[in-house]
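Read left to right, the sequence shown gives residues 116 to 354 (this note's numbering).
Glycine included, each C-beta is placed from N, C-alpha and C at the ideal position.
No experiment lies behind these values; they were computed from the predicted model shown.
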Amino acid sequence: MNAGKPGSRSVLRTGFWLSLSLAALTFVTFAVAMTAVPKSGPFCTGGCLEYPYLDSLAYYPGDYYWMFLAMFQITVWLVWMIALHFTAPEEKRIFSFTGVGLSLVAATVLYADYYLQLAVVPVSLMKGETDGIALLTQYNDHGIFIALEELGYLLMSLSLFCMALIFSRKSPVEKNLKRILALPFILTIVSLVAFLVRYGLDRSYRFEVAAISFNWLVLILAGVMAAVYFRRRWKCLRE
Numbered sequence: 116m117n118a119g120k121p122g123s124r125s126v127l128r129t130g131f132w133l134s135l136s137l138a139a140l141t142f143v144t145f146a147v148a149m150t151a152v153p154k155s156g157p158f159c160t161g162g163c164l165e166y167p168y169l170d171s172l173a174y175y176p177g178d179y180y181w182m183f184l185a186m187f188q189i190t191v192w193l194v195w196m197i198a199l200h201f202t203a204p205e206e207k208r209i210f211s212f213t214g215v216g217l218s219l220v221a222a223t224v225l226y227a228d229y230y231l232q233l234a235v236v237p238v239s240l241m242k243g244e245t246d247g248i249a250l251l252t253q254y255n256d257h258g259i260f261i262a263l264e265e266l267g268y269l270l271m272s273l274s275l276f277c278m279a280l281i282f283s284r285k286s287p288v289e290k291n292l293k294r295i296l297a298l299p300f301i302l303t304i305v306s307l308v309a310f311l312v313r314y315g316l317d318r319s320y321r322f323e324v325a326a327i328s329f330n331w332l333v334l335i336l337a338g339v340m341a342a343v344y345f346r347r348r349w350k351c352l353r354e
């Protein structure tokens, strides 16, 4: 995008604040998610829930707070990706547009996953409507919740990889953004292959935890770095 085009000032200003918001919100979401100690699966250390996980209502709403935050964080991330698209050079917008498209799909998957968990599982347990709950609940380490998170964060990492392609290597900020945004997809694919080789289909939530961690850590760093990127372009526009 040509920095002198009408509307670019608002894009850069909005991108700056979105970047800071994304870094802060992702950090908080990550911190809250870490407090939801696994109650089942390979990382559970005691008092683990067993199939069909009907006692999981005892952990509501404590184990669900992070999902509220994650839905807000995903929204900020999605708009942030759109802001980056509008800074891409014309010849590289095919990559940024692809990144935005993939981010829309990833956000849709994750929105549905978290909203279903918040709106369906607890109330169904409260009313004793437990048919199919074992497949839906987050405590099932090979259930629908884990599968959709794997898909959502795999797509998120791919969208970030596409967005990395818009940056040049001319400035240290863009060079570092290019590297950091490409990192989660590489790490996610490597970890997926490693877990498939080691555990096969019964990988539990190991890959899901790795995929979330890679993406969220990168978004914290990329948010700060992108704030510098937007700020510098904003200052150049004002001079």
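Between residue i and the rest of its own chain, which residues show a CB-CB distance below 7 Å, the 5 nearest in sequence each way excluded?
i: residue 217; result: 270, 273, 274 and 277
i: residue 212; result: 200
i: residue 181; result: 144, 147, 148 and 151
i: residue 265; result: 322, 323 and 326
i: residue 345; result: 127, 130, 131 and 134
i: residue 197; result: 215
i: residue 172; result: 237, 240 and 241
i: residue 295; result: 333, 336, 337 and 340
With a 10 Å radius around its C-beta and 16 neighbouring C-beta atoms as the bar for buried, classify residue i as buried or exposed.
i: residue 254; result: buried
i: residue 133; result: buried
i: residue 350; result: exposed
In whole angstroms, what is the alpha-carbon distance linking residue i and residue j?
i: residue 313; j: residue 157; result: 14 Å
i: residue 263; j: residue 220; result: 12 Å
i: residue 339; j: residue 170; result: 41 Å
i: residue 281; j: residue 311; result: 32 Å
i: residue 337; j: residue 320; result: 25 Å
i: residue 333; j: residue 291; result: 12 Å
i: residue 343; j: residue 142; result: 18 Å
i: residue 245; j: residue 203; result: 49 Å
i: residue 268; j: residue 315; result: 19 Å
i: residue 122; j: residue 348; result: A caution first: residue 122 carries a pLDDT of 40, below 50, which makes its placement in the model too unreliable to give a value.
Per DSSP, what kind of secondary structure is residue i in: helix, strand or coil?
i: residue 162; result: coil
i: residue 244; result: coil
i: residue 151; result: coil
i: residue 188; result: helix
i: residue 257; result: coil
Excluding the 5 residues flanking residue i on each side, which residues of the same chain have their C-beta closer than 6 Å to its C-beta?
i: residue 329; result: 299, 302 and 303
i: residue 189; result: 222 and 225
Within its chain, find whatever has a CB closer than 8 Å to the CB of residue i; leave out the 5 residues flanking it on each side and keep chain order.
i: residue 185; result: 144, 148, 225 and 229
i: residue 207; result: 280 and 281
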